[in-house]
Amino acid sequence: MSALPAKPCRRVLVTGASGRIGRFLVPALIDASYEVSALDIVAPQQPDPRARSLVADMTNREEFRRLLVGHDAVIHLAANPLAQEWSEVEPANITGAVSVLETAGELGLDKVIFASSIHVCGYATLGDHFHANTPVRPDGPYGVSKAFGEAVARYVHERFGPSVFVLRIGTCRARPLTIRERTTWISPADLVRLVRACLSPTAKGYRMLWAFSANRHAHVDRSEWGAIGYQPSDDAENYLDELTDPESGTVAEGRIGGRFIKAARKQGEDS
Ligand SMILES: NC(=O)c1ccc[n+]([C@@H]2O[C@H](COP(=O)([O-])OP(=O)(O)OC[C@H]3O[C@@H](n4cnc5c(N)ncnc54)[C@H](O)[C@@H]3O)[C@@H](O)[C@H]2O)c1
Numbered sequence: 649m650s651a652l653p654a655k656p657c658r659r660v661l662v663t664g665a666s667g668r669i670g671r672f673l674v675p676a677l678i679d680a681s682y683e684v685s686a687l688d689i690v691a692p693q694q695p696d697p698r699a700r701s702l703v704a705d706m707t708n709r710e711e712f713r714r715l716l717v718g719h720d721a722v723i724h725l726a727a728n729p730l731a732q733e734w735s736e737v738e739p740a741n742i743t744g745a746v747s748v749l750e751t752a753g754e755l756g757l758d759k760v761i762f763a764s765s766i767h768v769c770g771y772a773t774l775g776d777h778f779h780a781n782t783p784v785r786p787d788g789p790y791g792v793s794k795a796f797g798e799a800v801a802r803y804v805h806e807r808f809g810p811s812v813f814v815l816r817i818g819t820c821r822a823r824p825l826t827i828r829e830r831t832t833w834i835s836p837a838d839l840v841r842l843v844r845a846c847l848s849p850t851a852k853g854y855r856m857l858w859a860f861s862a863n864r865h866a867h868v869d870r871s872e873w874g875a876i877g878y879q880p881s882d883d884a885e886n887y888l889d890e891l892t893d894p895e896s897g898t899v900a901e902g903r904i905g906g907r908f909i910k911a912a913r914k915q916g917e918d919s
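Residues 649 to 919 (this note's numbering) make up the sequence shown, in order.
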C-alpha cells in the first residue's frame, strides 16, 4: 500500500501568543506564509496586524473548541512557566493542557506541538546524554505539570492520531547568560527553525525533542533532530567568555534544572 501524500499544514493556532516565545514565533510563522491565529488570555501589546488575534481563556473548553475549528495545527505555548507551588500549576498547566491538547485531537487536527520544558528532567545532570527516552526527573510542581502535559500529548496522539511533537525547551533567550546554558540554550531563531521543521509535511508521528541550539557542549541525540529536518545554527560556546556561574556551590550545581532545584526541606520547616 502506498503512503498517503503528506498534507500541508498552513492554518496554525498559537496559544500563549502574547508571551515571550509567542511574540517572536507568531511573526516568524507569518513571514513563512503560515496563516496564524494568535490566542492569549492577555491582548498582545503590539499585535501583528497579519495575525488573527483571539483574546480568550484556553481553559474555557467550549469557547476554545469554537476558536480552534478550521485549523490544521495547534502550537500550545500557553502556561504558567513560573509556577513554583502546586496551587499555581492549576489551571493553566493542567486544565489548560487538557483543554487544548484533547480538543485538538477531537477536532481531528493534523499536528500538535506542545511546549514542554527541561524541568521535566531538572534533576538530570548537565553531562547526561539527552534523548527521547531520557527518564522523567521533574524538579518541582512546574516540571511535574509539564510531564503531565507530555502524557496528555502522547494520549492524544494514540487516541486521536494527530502527529505530536513534544518540545523540551531549554533556555530560550537572545543569548546565553550562564554556564548551565552551554547545554540548555536555544536561540529564538533556532526555536523558530524547530517549530517549522515540526510543521513540515515530512515530520510525522510522535516525537519527543530536546529544544536546544547546536551547542557543542550539549550531549543530545542529534539523529532525532535530523529525522524531522531540524538544523540549528547557533551555539552557546560562542558566548563562553561572557557566561556567569550563579549555581556554583549550590544544590543546583551541575543540574539541568538550575535554580529550580531547591534544597530539601527539613521536617517541620516552613516553606
Ligand atoms: N521561555 C523559555 O525559555 C521556556 C523554556 C522552557 C519551556 N517554556 C515553555 O514555553 C511556553 C511559552 O513560554 P514563554 O516564555 O513564552 O511564557 P510566557 O509566560 O511569556 O507566556 C505564556 C503565555 O500564556 C498565556 N496564558 C496563560 N494562561 C492562559 C490561559 N488560560 N488562556 C490563554 N492564554 C494563557 C499568558 O497570558 C502568557 O502570555 C510555556 O509553556 C513555557 O512553559 C519556555
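Where a beta carbon is used, it is the ideal one built from N, C-alpha and C, also for glycine.
Since the model is a prediction, treat every value here as computed from it, not as a measurement.
Helix, strand or coil at residue i [DSSP, three-state]
| i | result |
| --- | --- |
| Y854 | strand |
| H867 | coil |
| D758 | coil |
| R698 | coil |
| E901 | coil |
| S765 | strand |
| H719 | coil |
| A680 | coil |
| T751 | helix |
| V662 | strand |
| C657 | coil |
Exposed unless 16 or more other CB atoms sit within 10 angstroms - verdict on residue i
| i | result |
| --- | --- |
| T782 | buried |
| V655 | What sits at residue 655 in the sequence shown is Lys, not Val. Classification of K655: exposed, given that the 10 Å Cβ count is below 16. |
| S871 | exposed |
| N886 | exposed |
| E750 | buried |
| S735 | exposed |
| R841 | buried |
Within 8 Å, strictly: CB atoms of residue i and residue j
| i | j | result |
| --- | --- | --- |
| E767 | G905 | Note that residue 767 corresponds to His in the displayed sequence, not to Glu. Yes, these two residues count as a Cβ contact at 8 Å. |
| G797 | N728 | no |
| R954 | P824 | Examination of residue 954 is not possible in this model, given that the chain is present from 649 through 919 alone. |
| H865 | F778 | no |
Contacting residues, own chain, Cβ-Cβ under 6 Å from residue i (five flanking each side not counted)
| i | result |
| --- | --- |
| S919 | Residue placement at S919 cannot be trusted, given a pLDDT of 42 that sits under 50; the coordinates are not used to answer. |
Cutoff 7 Å; reference residue i; Cβ partners in own chain excluding five residues on either side
| i | result |
| --- | --- |
| C657 | D720, A721, D758, K759 and L847 |
| E733 | P789 |
| H805 | V812 and Y854 |
Own chain partners of residue i with C-beta closer than 8 Å, once the 5 adjacent residues on each side are dropped
| i | result |
| --- | --- |
| S765 | P729, Y790, G791, K794, R816 and I817 |
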